[in-house]
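Please read the structure below before turning to the comments.
Number of protein chains: 2
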Amino acid sequence: MAAAVISLWPNTRPTLGPPIEEGFYYDFDFGKDKISEDDLPKIESEMHKIVSSWKSFEKEEVTPDKAKDLFKSNSYKIELVDELQKENQPLTVYKSGNFIDLCRGGHVENPGQEIKYFKLLSVAGAYWRGSEKNKMLTRIYGTAFASQKELEEYLERRELAEESDHRKIGKELDLFVFSDLVGKGLPLLTPKGSVIRRELERFVVDEEIKRGYQHVYTPPLAKTELYRVSGHYPYYKKTMYPVMRVDEDELILRPMTCPHHFMLFKSRPRSYKELPLKIAEISPQFRYEKSGELSGLMRVRTFILSDSHIFTPKERAKEVIKDVIELINFLNGKLGFEVGKDYRFRLSLGDRSDEKKYFKDDKAWDYAEDVLRSVLKEIGAPYFEAESQAAFYGPKIDVQIKKVNGQEETAFTVQYDFVMPKRFELKYINEKGEEAEPVVIHRASVGAFERTMAFLIEKYKGKFPTWLAPVQVKVLPITERNLDYANGVTKKLTIEGIRADTDERNETLQAKIRDAQLEKIPYMLIVGDKEQQSETISGRGRSGKDYGVHPLETFITNIKNDIETKSLQ
Amino acid sequence: MAAAVISLWPNTRPTLGPPIEEGFYYDFDFGKDKISEDDLPKIESEMHKIVSSWKSFEKEEVTPDKAKDLFKSNSYKIELVDELQKENQPLTVYKSGNFIDLCRGGHVENPGQEIKYFKLLSVAGAYWRGSEKNKMLTRIYGTAFASQKELEEYLERRELAEESDHRKIGKELDLFVFSDLVGKGLPLLTPKGSVIRRELERFVVDEEIKRGYQHVYTPPLAKTELYRVSGHYPYYKKTMYPVMRVDEDELILRPMTCPHHFMLFKSRPRSYKELPLKIAEISPQFRYEKSGELSGLMRVRTFILSDSHIFTPKERAKEVIKDVIELINFLNGKLGFEVGKDYRFRLSLGDRSDEKKYFKDDKAWDYAEDVLRSVLKEIGAPYFEAESQAAFYGPKIDVQIKKVNGQEETAFTVQYDFVMPKRFELKYINEKGEEAEPVVIHRASVGAFERTMAFLIEKYKGKFPTWLAPVQVKVLPITERNLDYANGVTKKLTIEGIRADTDERNETLQAKIRDAQLEKIPYMLIVGDKEQQSETISGRGRSGKDYGVHPLETFITNIKNDIETKSLQ
Chain A
26 MAAAVISLWP NTRPTLGPPI EEGFYYDFDF GKDKISEDDL PKIESEMHKI VSSWKSFEKE
86 EVTPDKAKDL FKSNSYKIEL VDELQKENQP LTVYKSGNFI DLCRGGHVEN PGQEIKYFKL
146 LSVAGAYWRG SEKNKMLTRI YGTAFASQKE LEEYLERREL AEESDHRKIG KELDLFVFSD
206 LVGKGLPLLT PKGSVIRREL ERFVVDEEIK RGYQHVYTPP LAKTELYRVS GHYPYYKKTM
266 YPVMRVDEDE LILRPMTCPH HFMLFKSRPR SYKELPLKIA EISPQFRYEK SGELSGLMRV
326 RTFILSDSHI FTPKERAKEV IKDVIELINF LNGKLGFEVG KDYRFRLSLG DRSDEKKYFK
386 DDKAWDYAED VLRSVLKEIG APYFEAESQA AFYGPKIDVQ IKKVNGQEET AFTVQYDFVM
446 PKRFELKYIN EKGEEAEPVV IHRASVGAFE RTMAFLIEKY KGKFPTWLAP VQVKVLPITE
506 RNLDYANGVT KKLTIEGIRA DTDERNETLQ AKIRDAQLEK IPYMLIVGDK EQQSETISGR
566 GRSGKDYGVH PLETFITNIK NDIETKSLQ
Chain B
26 MAAAVISLWP NTRPTLGPPI EEGFYYDFDF GKDKISEDDL PKIESEMHKI VSSWKSFEKE
86 EVTPDKAKDL FKSNSYKIEL VDELQKENQP LTVYKSGNFI DLCRGGHVEN PGQEIKYFKL
146 LSVAGAYWRG SEKNKMLTRI YGTAFASQKE LEEYLERREL AEESDHRKIG KELDLFVFSD
206 LVGKGLPLLT PKGSVIRREL ERFVVDEEIK RGYQHVYTPP LAKTELYRVS GHYPYYKKTM
266 YPVMRVDEDE LILRPMTCPH HFMLFKSRPR SYKELPLKIA EISPQFRYEK SGELSGLMRV
326 RTFILSDSHI FTPKERAKEV IKDVIELINF LNGKLGFEVG KDYRFRLSLG DRSDEKKYFK
386 DDKAWDYAED VLRSVLKEIG APYFEAESQA AFYGPKIDVQ IKKVNGQEET AFTVQYDFVM
446 PKRFELKYIN EKGEEAEPVV IHRASVGAFE RTMAFLIEKY KGKFPTWLAP VQVKVLPITE
506 RNLDYANGVT KKLTIEGIRA DTDERNETLQ AKIRDAQLEK IPYMLIVGDK EQQSETISGR
566 GRSGKDYGVH PLETFITNIK NDIETKSLQ
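Top to bottom, those sequences are chains A and B.
According to our numbering, the stretch in the first sequence is residues 26 to 594, in order.
According to our numbering, the stretch in the second sequence is residues 26 to 594, in order.
This is how it looks when you write it as structure tokens:
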């Protein structure tokens, strides 16, 4: 690519161009020239032309002086040479055809034969060495594969991911916004986005309460001391917000909920009769992610987790974890995430030899890992094992979700903890009347709500199941004459708790249908003179399906059933 | 009181004894003696004996030397004399009978006749001059009135307030706890207390959505800059948490929600068709109250407000405020707070001459005050006016709630704001297609949830209406034989969404009834052999009412109706 760019814009100075996860980029100083994505096909053609004549990448070790001479018209390369020299690193250049570049190496044998299936993807601005103080360069991104098929598959996945990007859809459907004055990574959910959040939250809370969870509300901050006692502070300090010192106090926003729930557990004596005690919370938490890692709702600086801490005798841990996995499969299934297809489990184990990272207690680790493994085996859950991925206080089961772009990511976890109960001196009175120490299962049941929303937006591309849709029904009067009837229909739906809206604009029916479809509203009810006279509606789905003419009551019964059962249709 | 204490314990040194809102106290150094509340009647008798012979309080102005001579055996009084001398203040002593004390004066004419109706209330420890570095003294609290009737009324109110104290009841019913490790003023709601919070929250959200409010979720912190733009920072700085500085950012926990909602309003262009636009939020907020002002759930350092900001053309402000007052009366009425009886309104006006405290715009103040006053008049709301109580950005209506002890307190407010729209350049497009500036109505619909819970606990003394009760039904099996049937009843109730529990203990029925009553559970269902055979229950209310034997289904229908209508019975 660099050779092609220089061939087309001879005054261009190439700077740095490393490989990255999805391909490569190269940063150029185009001088007075300007290029855009429209130029990419031209560059690609030139690349094909040039590379087809290349037989090899010829390596040469050079002295700093020779390197400086080779790149004497390129101050960027000279800066790099100086740096490598200072670090006493060997200097190598590679040559192909007329092109020569400073390079550490790692190339295909026969470029003319092997470099064929590539594509330039985008153009962006980037500061030299990433610093705002330096000049802004032009970065060209591209990718390459070993076969045409692999390239096409990648491009297809990429297009799908771009179309499904929750940031793009979130903007189009007005689900959330960011504000410079509020701050990076701090999303504001609009009324529409908030409907999804509220429905999710109530769904999770109601289902958990049904299953014996005790939901609580605890403050989202605490004395720093609490995280010193828990031992979290040294591990999480980097991503915690700074300490707030005021009067005699030192407070900090919480990065997790466990110690608060421990304080509730300890607030009165506990008996074995109460165990397993499942304290749960829709819990606001705060982690100061690096600004480069922030991404829409996927990675934010404050999030809400459906968190829980289950206090149980060690002997009952297995049944507790089985119930948790069952709940996870149930809740996520209701959202349309299928176990085995959309997500699988990872059993994350500790490294016994790393006493710094993992609490030393081999017997406890053995027991805990056995419990987790046997649960996954017994229920036939799809899982794999990963070394050295445990928490410092015990092994865990990670829920690995598959993103639209095919990559897998840990969405949330179930952790077995035998350390915190010791640190916090958690006790209960067992059947024999003696003091005993419980273990704690830390778990989420869906991921952080922000992230789950991002996954849902991408999965459904905004076409949410009816129960989650911000607006469930749009009533479309065919003419002005039908406006009153339309508003009456909307009112009846609203009274029934259905989120409905009338399109009151003076537009054609076609325009109204098109806009309702763009808004991805599950149902359009078209009402004209005929419907008005017969007190019916003419139903239409967002994908164009015609449901025909029905009495309004029939539609209400059907949609309410859909909503109550949380149908995914 | 001091004379009586010295008469009974001659080695005691009296220190300082000022009047306070509810009576008076005096701090004594009892030396080696120790007294308790058991000694109060003895002191009272002595007081009656001594004061009946007193004819007057004789004033005498004295030199510092004479004063020091008079109190030579009391180092505390000498310290006070030195201090007054340093400040060049006149020194006066008052004499009655054998008793003489350093005193600024302000006494009844004829103590023997006029000081009869008093009562000593309590004993507490208190450091000399309030400093932990000084000696701990013994403080005796008391009160006095002009008539026996007034004294009795006061004592009755006091007893009621003590019995109803939400901190006492909250502990007895396990509704909330505090933790030293979490921090002062940061309550942790237990599962039981959380039921009340959740029910309140859902009730408010659902009702507001029905009335066209658009509920959102915004982050509980923002850049400090946001509060500089809003102008809140200088006014609220003292009660705001400290700034968190990290990387390039300066963040702060929010003390109010308005600027976040303004950012949502500004996130896209707005048309008059959308107005009045009612953005609402169950909003976590943070104010660092002084530790001396913290009190249970009544005054905390983080709270959740049912907040809203209504963006409206000025001309429609009146109808908006009328709707708001109507909503306040509806919601609070459902909680059992009656307008005119439990609360009334205060119209808080600005002081036009104080340009530092109130934004200068006489015409806007006139208009806004007129709007608020005319709404209160038109709907016949009980209200009074108060000067110089407005917000800096406009006048407001305060909801003044009457506490159990008879005192009135501002629970929450409705504010008319013509300043923020200017500061934030809020705009909408009016009917003529021109840019126009809305006014903002800031309002809560119930108070902060923590505080509303405190009021509810005190109002109902823990006997919450069924819909709010943490446990609604306790099923009491008469014998072990009936345990399975009892658990079946509990299960059926739970499936119907009723919060029910079986008393599984091996106790007498009397003990089970007594404990359910202590827990203030609305309904006890007693089930013995007879009920088991006929699939019925024998109902009993928490105040002892016998509801007789009914089929379980009948009970379910009735209690569900109570819950759905939010009956106050």
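Cβ coordinates follow ideal geometry from the N, Cα and C atoms, glycine included.
No experiment lies behind these values; they were computed from the predicted model shown.
DSSP three-state call for I523 (chain B): helix, strand or coil? The count along the second sequence starts at 1 and reaches residue 523 (chain B) at position 498. Coil, per DSSP.
So, D397 (chain A) versus P420 (chain A), is the Cβ gap smaller than 7 Å? For the purposes of this step, residue 397 (chain A) is identified with residue 372 of the first sequence, where counting begins at 1. For the purposes of this step, residue 420 (chain A) is identified with residue 395 of the first sequence, where counting begins at 1. At residue 397 (chain A) the sequence reads Leu, which differs from the Asp that was named. In this structure, L397 (chain A) lies near P420 (chain A), with their beta-carbon atoms less than 7 Å apart.
For K74 (chain A) and G122 (chain A), the rounded distance between their alpha carbons: What you label residue 122 (chain A) is simply residue 97 of the first sequence in a count that begins at 1. What you label residue 74 (chain A) is simply residue 49 of the first sequence in a count that begins at 1. Computed Cα separation, rounded: 12 Å.
For I503 (chain B), name the three-state secondary structure that DSSP assigns. Taking the first residue of the second sequence as position 1, residue 503 (chain B) is located at position 478. Here I503 (chain B) sits in coil by DSSP.
When you compare each of A:L246, A:E275, A:P245, A:M281 to Y260 (chain A) by their alpha carbons, which one comes out closest? The count along the first sequence starts at 1 and reaches residue 260 (chain A) at position 235. Comparing alpha carbon positions, the residue from A:L246, A:E275, A:P245, A:M281 closest to Y260 (chain A) is A:M281.
Establish whether the CB of Q239 (chain B) and some CB of chain A are separated by less than 7 Å. On the second sequence, residue 239 (chain B) is found 214 positions in, with the first residue counted as 1. So yes, Q239 (chain B) belongs to the interface.
Return the bridge partner residues of H73 (chain B) from the DSSP annotation. As a working note, residue 73 (chain B) is residue 48 in the second sequence. BP columns for H73 (chain B) are empty, so no partner.
Over what stretch of residues does the beta strand (DSSP E) that includes D423 (chain A) continue unbroken? Start at 1 with the first residue of the first sequence, and residue 423 (chain A) comes out as number 398. Where D423 (chain A) is concerned, the enclosing beta strand (DSSP E) stretches over 421-427.
Closest to E318 (chain B) by C-alpha separation, out of B:K484, B:M288, B:T264, B:E273, would be which residue? Stepping through the second sequence from its first residue, residue 318 (chain B) is reached at position 293. Here the closest residue by C-alpha is B:T264.
Helix or strand or just coil, what does DSSP make of D386 (chain A)? Residue numbering aside, residue 386 (chain A) sits at position 361 when the first sequence is read from its first letter. Shown here, D386 (chain A) sits in coil according to DSSP, grouped into three states, outside any helix or strand.
I want to verify the contact list: residues of chain A whose CB lies under 7 Å from the CB of Y313 (chain B), in sequence order. For the purposes of this step, residue 313 (chain B) is taken as residue 288 along the second sequence, with counting starting at 1. Contact note: Y313 (chain B) reaches chain A through V271, using a C-beta cutoff of 7 Å and chain order.
For K516 (chain A) versus I546 (chain A), is the C-beta distance shorter than 7 Å? Looking up residue 516 (chain A) in the first sequence gives position 491. Looking up residue 546 (chain A) in the first sequence gives position 521. Not a contact, by the Cβ cut-off of 7 Å.
May I ask which residues mark the beginning and end of the alpha helix (DSSP H) holding L109 (chain A)? Reading the first sequence from its first residue, position 84 is the one you call residue 109 (chain A). Run containing L109 (chain A): 100-111, per the alpha helix (DSSP H) assignment.
Output, in chain order, the set of chain A residues within a Cβ distance shorter than 8 Å of M288 (chain B). The sequence position of residue 288 (chain B) within the second sequence is 263, counting from 1. Simply V202, S204, L206, V207, L213.
Given this structure, state the Cα-to-Cα distance separating D231 (chain A) from I581 (chain A), to the nearest angstrom. Position 206 of the first sequence holds residue 231 (chain A). Position 556 of the first sequence holds residue 581 (chain A). Cα-Cα distance, rounded: 24 Å.
Taking the alpha carbon of G472 (chain A) as the point to measure from, which residue in A:L105, A:K174, A:L356, A:P338 has its own alpha carbon closest? Along the first sequence, read from residue 1 onward, the residue named residue 472 (chain A) stands at position 447. Comparing Cα positions, the closest option is A:L356.
For Y441 (chain B), tell me which candidate among B:G431, B:I454, B:F417 has the shortest Cα-Cα distance. Counted from its first residue, the second sequence places residue 441 (chain B) at position 416. Ranking B:G431, B:I454, B:F417 by Cα distance to Y441 (chain B) puts B:F417 first.
What's the C-alpha gap between E589 (chain B) and T519 (chain A)? Position 564 of the second sequence holds residue 589 (chain B). Position 494 of the first sequence holds residue 519 (chain A). Between E589 (chain B) and T519 (chain A), the alpha-carbon positions lie close to 18 Å from each other.
Collapsed DSSP secondary structure at S81 (chain A) in the structure displayed: Numbered from 1 along the first sequence, position 56 holds the residue referred to as residue 81 (chain A). Note: S81 (chain A) maps to coil in three-state DSSP.
If we ignore side chains and look at the alpha-carbon of each, how far apart do G431 (chain B) and E410 (chain B) end up? The sequence position of residue 431 (chain B) within the second sequence is 406, counting from 1. The sequence position of residue 410 (chain B) within the second sequence is 385, counting from 1. The C-alpha of E410 (chain B) is placed about 20 Å away from the C-alpha of G431 (chain B).
Starting from the N-terminal side, write out each stretch of the alpha helix (DSSP H) that is 4 residues or longer and does not extend beyond the region 305-369 of chain B. DSSP assignment within the region 305-369 of chain B yields the following whole alpha helix (DSSP H) runs of 4 residues or more, N-terminal first: 342-359.
Residues of chain A with a CB under 8 Å from the CB of V424 (chain B): which are they? Position 399 of the second sequence, counting from 1, holds the residue named residue 424 (chain B). Per Cβ cutoff of 8 Å: no residues; V424 (chain B) is ~24 Å from chain A at best.
Buried/exposed call for S172 (chain A), threshold 16 Cβ in 10 Å: For the purposes of this step, residue 172 (chain A) is identified with residue 147 of the first sequence, where counting begins at 1. Exposed.
Return the chain-ordered list of same chain residues with a C-beta closer than 8 Å to the C-beta of I31 (chain A), the five sequence neighbours on each side being excluded. The residue given as residue 31 (chain A) occupies position 6 in the first sequence. Non-local C-beta neighbours of I31 (chain A) in its own chain, meaning closer than 8 Å and more than five positions away in sequence, comprise T37, P39, F124, ordered along the chain.
Taking 7 Å as the CB-CB cut-off, is L251 (chain A) touching chain B? For the purposes of this step, residue 251 (chain A) is identified with residue 226 of the first sequence, where counting begins at 1. Yes, its Cβ sits closer than 7 Å to a Cβ of chain B.
May I ask you to report which of helix, strand or coil DSSP gives P576 (chain B)? Start at 1 with the first residue of the second sequence, and residue 576 (chain B) comes out as number 551. In the three-state scheme derived from DSSP, where H, G and I count as helix and E and B as strand, P576 (chain B) is classed as strand.
What residue from A:S156, A:E177, A:K158 has the CA that sits closest to L145 (chain A)'s CA? Residue mapping note: residue 145 (chain A) aligns to position 120 of the first sequence, counting from 1. Checking every option, the nearest Cα to that of L145 (chain A) belongs to A:E177.
Assumed close pair V514 (chain B), E544 (chain B) - CB separation to whole angstroms, cut-off 8 Å: Against the second sequence, residue 514 (chain B) aligns to sequence position 489. Against the second sequence, residue 544 (chain B) aligns to sequence position 519. Their Cβ separation, rounded to whole angstroms, is 18 Å, which puts V514 (chain B) and E544 (chain B) out of contact at 8 Å.
7 Å Cβ cut-off: residues of chain A touching D242 (chain B): Start at 1 with the first residue of the second sequence, and residue 242 (chain B) comes out as number 217. It should be noted that the sequence gives Tyr, not Asp, for residue 242 (chain B). Per Cβ cutoff of 7 Å: L214, S219, R222.
Assign S563 (chain B) to one of three DSSP states: helix, strand, or coil. Position 538 of the second sequence, counting from 1, holds the residue named residue 563 (chain B). Strand at S563 (chain B).
For G321 (chain B), I'd like the list of residues in its chain whose CB is within less than 7 Å of its CB, leaving aside the five on either flank, ordered along the chain. Taking the first residue of the second sequence as position 1, residue 321 (chain B) is located at position 296. Once the five neighbours on either side are set aside, the close Cβ partners of G321 (chain B) are H191, R192, G195, A479.
Pull the bridge partners of E275 (chain A) from the DSSP assignment, please. Position 250 of the first sequence, counted from the first residue, corresponds to residue 275 (chain A). The partner list for E275 (chain A) (beta bridge, DSSP) reads A:R270.
So, with DSSP's three-state summary, where would you put Y179 (chain B)? Sequence index remark: in the second sequence, residue 179 (chain B) carries index 154 (1-based). In the displayed model, Y179 (chain B) falls within a helix according to three-state DSSP.
Checking contacts by CB at 7 Å: is T327 (chain A) closer than that to chain B? Within the first sequence, numbered from 1, the residue matching residue 327 (chain A) stands at position 302. With 7 Å as the cut-off, T327 (chain A) counts as an interface residue toward chain B.
Residues that DSSP places opposite H6 (chain B) in a beta bridge: Here chain B comprises residues numbered 26 to 594, so residue 6 (chain B) is not present and cannot be evaluated.
Helix, strand or coil for G210 (chain B)? Go by DSSP, reduced to three states. Within the second sequence, residue 210 (chain B) is the residue found at index 185, counting from 1. Three-state DSSP puts G210 (chain B) in coil, outside helix and strand.
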